[in-house]
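Asks:
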Amino acid sequence: MKFSQFVGQDNAKLGVILNALEPRCGGLLLVGAKGSGKSTLIRLARGIFPVITPFVEIPLNITEDSLLGGIDIEQSMREGRRIFLQGLIPRAAGGILFVDDINLLPQELLAPLMAFNGGGDELQTCPGSVQQLPRDCCVMGTMNPEEGDIQPHYLDRFGLCAVMDELPDCEKRLDVLRIFREMPNFQVESDPSLMAMVATAKKHLPEVKVGTAELENISAVAVRNPSHGHRGELFLFYAARAYAALQGHDRIAQSDIERVSELVFVHRRLHTSEEHSDLPQDEKHRESATDQMSPPEPEKKAQSMDADFSLKPRGSAVTASGAEETMSIGNPFQVRRLSFKKDRLKRHAAGKRSKTHSLGKGGRHVRSTMNSAEQDIAIDATLRACAPYQKSRGREVKLIIERDDWRFRQRERKTGHLVIFAVDGSGSMGARRRMVAAKGAIQSLLTDCYQKRDKVAMIVFRQDCAELVLPPTSSVELASKRLSTLPVGGKTPLAAGLLETFRLIKRFGVRHPETRFLTVLITDGKGNQSITVDSDHREEEQELCKLLSAEPKCDFVVVDTESKDNFIKTDMAVRLAENLGAEYYTVEALRAELLSELIQSKNRD
Amino acid sequence: MNFPFVAIVGQEELKTALMLNVVDPGIGGLLIAGEKGTAKSTAVRALADLLPEQTVVHECRFYCDPEGELCSLCRERIEQSELETSRKKMKVVELPLGITEDRLIGTLDIEHALKHGEKRFEPGLLADANRNFLYVDEVNLLEDHIIDLLLDSAAMGINTVEREGISFTHPARFILVGSMNPEEGELRPQLLDRFGLSVGVTGLHDKTQRMAVLQRKAAFDENPAAFCARWENEQNALRQRIVNARDGLPHIEVTDPVLEKIVAITAAMHLDGHRPDIVMMKAARALTALRGQKSIGNQEIHDAAIFALPHRQKRLPFEERGGRDKLLKVLEDCLG
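Top to bottom, those sequences are chains A and B. Position 423 of the first sequence, counted from 1, bears residue number 406 in this note's numbering, the numbering being contiguous throughout. Going from the second sequence to this note's numbering is simple: count from 1 and add 174.
Structure (structure tokens):
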């Protein structure tokens, strides 16, 4: 298959061509849903570069030394002195580094990769080895936003970005199918005509004139697309010039700038649209990080892949039938990333929210260290360490390994979290449709839990007892189903709800000691039902709060559902939050205040 | 000894979907969703006995296809001389949940490095799975970083290893078969999309069928060899049917009207990407071959859609899966 046979997705194709023509365009990130042809397109790109151009693919399984370079065992052993082996990055000089699913690449490997894409020229790999990095090569990456984000900091380093959310019409779908009918086995073919076109344009590139007027036009476009820093302008300049060369223009025309600006700014654009206009200025800036991927036009946003993950508002028709009713789910909103810092405890579990160093031998082997309490020897690293000295130690048959050569494996996994939703289902929640808003809040949190692969559980307290309606599960879907059928009505057995939460934490903690708990208590705090008949519910609540707040590895958030514009507000939930040592939020504030920060600050370990 | 495939009672959809993947390995695997104890694993393991032989490079640890993509070693070999070939039976390789990264994708051969001071690649499970079935029981419980690696190699059918100074590539065109109990957690959408087909499995409700399950299983437990011998004729017939279908596959023409119908269906279902179209085309063709027909009919397109589309249907994040009614309605509209 040839590059030019690829159907549709003009922006993505243009991005590849511009980079082939001018590596200073800063690489390309393709963002698209599964099966939109991201990887196929980049692999086809091989066909428009001359055969000698290095095309280096970085697999997700890569280790640090392979990426950056390390000691060459074979050579070192033979010669008895350290000989360095080139990593993959230097090997890509003058060519392409290709990373499929770049958002899944471990952070510690993404950092050096993208640092280099920004134009760093020296890189210290292992002690004593500084490698010169090529300047004329670019990174092409793909990502599916459903699988998680890439940090805005690294996103910004990509010169160009194309969102492949074009909905193919039947004609295009047919074209694609025909290609696959003719070619059951996908193979990249070179595309000489396009290659020639790129070569011609490359020759023409230095002749494209850039005067003050052109620079002014570029700045003007950049101002219209507000973004952080000056990378945008710089890349816009290079991309526009390359496009002008491709078009055979002698000067950069306004139309050239306009054509490439979408590619340059789609991932940098800050959100200044009305949806966040209620945020203070600095909030706006930070907000832009999370949902940059979606194009700003509202009608386009509806089709973008992000939209798949933000529920559209459901109808709010609620039938009030007697004392018990089921409320629809209110509008969920984008919750910012909830995240805990990496702590130093060693744990066993898998999950995605926080990283932790793992005990035992599962998990990703991230790097080798010189010292470790666990005797999990990294044989490869040990070998590398001892290899250079074999000659001087007089090796004949067996390797001579000394204590100093030992290296140990350090592994990392992500810890699991259990997010417990304790929901007040009493009659007071039904009033003024507060439950609708509360459900909206829970739904948003659930979306976040899904992306982080947390386990969730749900407890409802109403009438005279608390019930675990959803035992800990990783099926967020199930949680959502339960949520939509949550009934309200009756008294508020807050104490029972707290007790059930406590029991759950205890029970689950025994079997999964590495779990961290986050309890989200959604209530107005107006408990009016005790657990045992003749005790005071307030005392019970206080006792339980004490017990809960003493639990290690537990964090609490209280979401107050009392309507605050009412002058008889009681602020009972405020007191509850104080007793629990919890972060306090009103349902309304949840929208503006960003949940991530509150939870980030709660790292007690 | 495996329970004979033909002796599995009911579960016709599951059996057909597995056989389709043997007929055309390009279909891209199968996701089996269902409760425990519904013959999910039994069927996959039983499939091993029906698998045909295929041509491989002689003594290649990656079962390279002499006509297709080659591993680093075979590429070196072909420089020097023509590749010798031999016939090897396809197999089912199981991926245990607790697998480590090294074990899955392969790594430095420490023993060789120590003995000879040379780097050599020690193949992992993906090497074994090339051109074979890779079966993951409870695929939804697989650790995230392992899924990432699986996706990475599944994407283009090549395992590129860059670890500890080793560079090695080999083809990894495995047919991914996963089973899961949806109650225990969801599958990541990207992995979900990688499965060509999906089937839902439920327990049998018919009393006579339940009886048959019991009788056959008891007889098998009592004397596996005798039980298998009793079913051998039927097994042979099915083996022959699969071989015939594999041979017939290239002769079945996919006409433009067929493609148009497929596209009409996927467009009406608003599906992401092009994979659903491609999988449906392949599944319809394989079904035609398996049924011993000459050309693809509406029935085959209909059945292919039932296999290829349900797990790809767009839904809001927490909406219930399925929506089979919608699919059936679209199929009725498009195929009449």
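In this text, a Cβ means the ideal position worked out from N, Cα and C, and glycines have one as well.
Quick check on the burial criterion: 16 or more other C-beta atoms within 10 angstroms. Buried or exposed for lysine 210(B)?
Replies: By the neighbour-count rule (16 or more Cβ atoms within 10 Å), lysine 210(B) is not buried but exposed.
Asks: With tyrosine 309(B) and leucine 269(B) assumed to form a contact (beta carbons below 8 Å), what rounded beta-carbon distance in angstroms separates them?
Replies: Tyrosine 309(B) to leucine 269(B), Cβ: 7 Å. Contact.
Asks: Within the 8 Å Cβ cut-off, does asparagine 168(A) reach chain B?
Replies: Yes - at least one Cβ of chain B is within 8 Å of the one on asparagine 168(A).
Asks: Roughly how many angstroms separate the alpha carbons of histidine 520(A) and threonine 468(A), rounded to a whole number?
Replies: Histidine 520(A) and threonine 468(A): Cα-Cα distance of roughly 28 Å.
Asks: How many angstroms separate the CA atom of leucine 505(B) from the CA atom of isoleucine 475(B)?
Replies: Near 9 Å, if we compare the C-alpha coordinates of isoleucine 475(B) and leucine 505(B).
Asks: What three-state label does DSSP hand tyrosine 137(A) in the structure shown?
Replies: Reduced to three states, the DSSP call for tyrosine 137(A) is helix.
Asks: Are glutamate 357(B) and serine 458(A) touching if we call contact CB-CB under 8 Å?
Replies: Their beta carbons are under 8 Å apart, which means glutamate 357(B) touches serine 458(A) by this criterion.
Asks: Determine the burial state of glycine 78(A): buried for a count of at least 16 other Cβ atoms within 10 Å of its Cβ, exposed for fewer.
Replies: Counting Cβ neighbours within 10 Å, glycine 78(A) comes out buried, since at least 16 surround it.
Asks: Under 8 Å Cβ to Cβ from proline 204(A), same chain only, skipping five residues before and after it: list those, please.
Replies: The residue you asked about is not proline; residue 204(A) is valine in the sequence shown. Cβ neighbours of valine 204(A) beyond the five flanking positions: Leu219, Ile240, Glu241, Ser244.
Asks: Note down the Cα distance separating alanine 220(B) from proline 484(B), rounded to an integer number of angstroms.
Replies: Taking the straight line joining both Cα atoms gives about 25 Å.
Asks: Here's the rule: buried if 16 or more other CB atoms are within 10 angstroms of the residue's CB, otherwise exposed. What is arginine 498(B)?
Replies: By the 10 Å Cβ count, arginine 498(B) comes out exposed.
Asks: Considering only residues of the same chain and omitting the five flanking positions on each side of lysine 456(B), which have a CB-CB separation below 7 Å?
Replies: Hits under 7 Å: Asp198, Gly200, Ile201.
Asks: For histidine 379(B) and alanine 386(B), what's the separation of their Cα atoms in angstroms?
Replies: Their Cα atoms are separated by approximately 12 Å.
Asks: Would you say the stretch 527 to 542 of chain A touches the stretch 565 to 572 of chain A, given that touching needs at least three Cβ pairs under 8 Å?
Replies: Touching, yes.
Asks: Taking buried to mean at least 16 other C-beta atoms within 10 Å of its own C-beta, is aspartate 152(A) buried or exposed?
Replies: Exposed, because fewer than 16 other Cβ atoms sit within 10 Å of the Cβ of aspartate 152(A).
Asks: Could you name the residues that DSSP lists as bridge partners for cysteine 537(A)?
Replies: Partner(s): Phe500(A).
Asks: State the Cα-Cα distance for the pair alanine 171(A) and glycine 70(A), rounded to the nearest angstrom.
Replies: A small fix is needed here, since residue 171(A) is valine in this sequence, not alanine. Their backbone Cα atoms lie some 26 Å apart in a straight line.
Asks: CA-CA distance, phenylalanine 307(B) and isoleucine 384(A)?
Replies: So the two alpha carbons sit approximately 42 Å from each other.
Asks: Give the residues of chain B in contact with glycine 30(A), contact being defined as C-beta atoms less than 7 Å apart.
Replies: Neighbours of glycine 30(A) on chain B: none; closest Cβ ~15 Å, over 7 Å.
Asks: By alpha-carbon positions, which one of Leu194(B), Phe348(B), Pro431(B) ends up nearest to leucine 464(B)?
Replies: Among Leu194(B), Phe348(B), Pro431(B), the Cα nearest to that of leucine 464(B) is on Leu194(B).
Asks: Measuring alpha carbon to alpha carbon, tell me which residue in Asp359(A), Ser409(A), Val34(A), Glu62(A) is nearest glycine 377(A).
Replies: Of the listed residues, the one whose Cα sits closest to glycine 377(A) is Glu62(A).
Asks: Between valine 439(A) and leucine 429(A), which are expected to be in contact by the criterion C-beta below 8 Å, what is the C-beta distance as a whole number of angstroms?
Replies: Right, the Cβ-Cβ distance comes to about 7 Å (below 8 Å), so this counts as a contact.
Asks: If the criterion is Cβ atoms closer than 8 Å, does the pair glycine 447(B) and alanine 28(A) meet it?
Replies: No, the Cβ-Cβ distance between glycine 447(B) and alanine 28(A) is not below 8 Å.
Asks: Looking at chain A, which residues of the stretch 442 to 466 of chain B have a Cβ within less than 7 Å of any of its Cβ atoms?
Replies: Here the close residues are Asp446, Gly447, His448, Arg449, Asp451, Ile452, Met455.
Asks: Does any heavy atom of the ligand PLP sit closer than 7 Å to the C-beta of lysine 435(B)?
Replies: What this structure holds is no ligand at all, so the ligand PLP is not there to describe.
Asks: For glutamate 523(A), I'd like the list of residues in its chain whose CB is within less than 6 Å of its CB, leaving aside the five on either flank, ordered along the chain.
Replies: These residues qualify, in order along the chain: Ala478, Ser513, Ile514.
Asks: How would you call leucine 198(A), buried or exposed, if buried means at least 16 neighbouring beta carbons within 10 angstroms?
Replies: Result: exposed.
Asks: Between the alpha carbons of histidine 425(B) and glutamine 473(B), how many angstroms are there, rounded?
Replies: If you take the alpha carbons of histidine 425(B) and glutamine 473(B), they lie about 19 Å apart.
Asks: Using DSSP with H/G/I as helix, E/B as strand and the rest coil, what is serine 546(A)?
Replies: Coil at serine 546(A), not helix or strand.
Asks: Can we say the stretch 327 to 341 of chain B touches the stretch 39 to 50 of chain A, given the rule of at least three CB pairs closer than 8 Å?
Replies: Yes: at least three Cβ pairs fall under 8 Å.
Asks: So arginine 413(B) contacts chain A; which residues on that side make the cut at Cβ distance below 9 Å?
Replies: None at all; the shortest Cβ gap to chain A is about 24 Å.
Asks: Around the Cβ of proline 535(A), are there at least 16 other Cβ atoms within 10 angstroms (buried) or fewer (exposed)?
Replies: Classification of proline 535(A): exposed, given that the 10 Å Cβ count is below 16.
Asks: Hey, which unbroken runs of the alpha helix (DSSP H) at 4 residues or more fall wholly within the stretch 4 to 64 of chain A?
Replies: Qualifying alpha helix (DSSP H) stretches, in chain order: 21 to 28, 47 to 51, 56 to 62.
Asks: Taking glutamate 130(A) as the query, report the chain B residues whose CB atoms sit under 7 Å from its CB, ordered along the chain.
Replies: Those within 7 Å of glutamate 130(A) in chain B are Arg362, Gln364.
Asks: In this structure, does DSSP put cysteine 121(A) in helix, strand or coil?
Replies: Strand.
Asks: Can you find the residues in the same chain that come closer than 8 Å, C-beta to C-beta, to leucine 461(A), ignoring five residues on each side of it along the sequence?
Replies: For leucine 461(A), where only same-chain residues beyond five positions count, the Cβ hits under 8 Å are Leu453.
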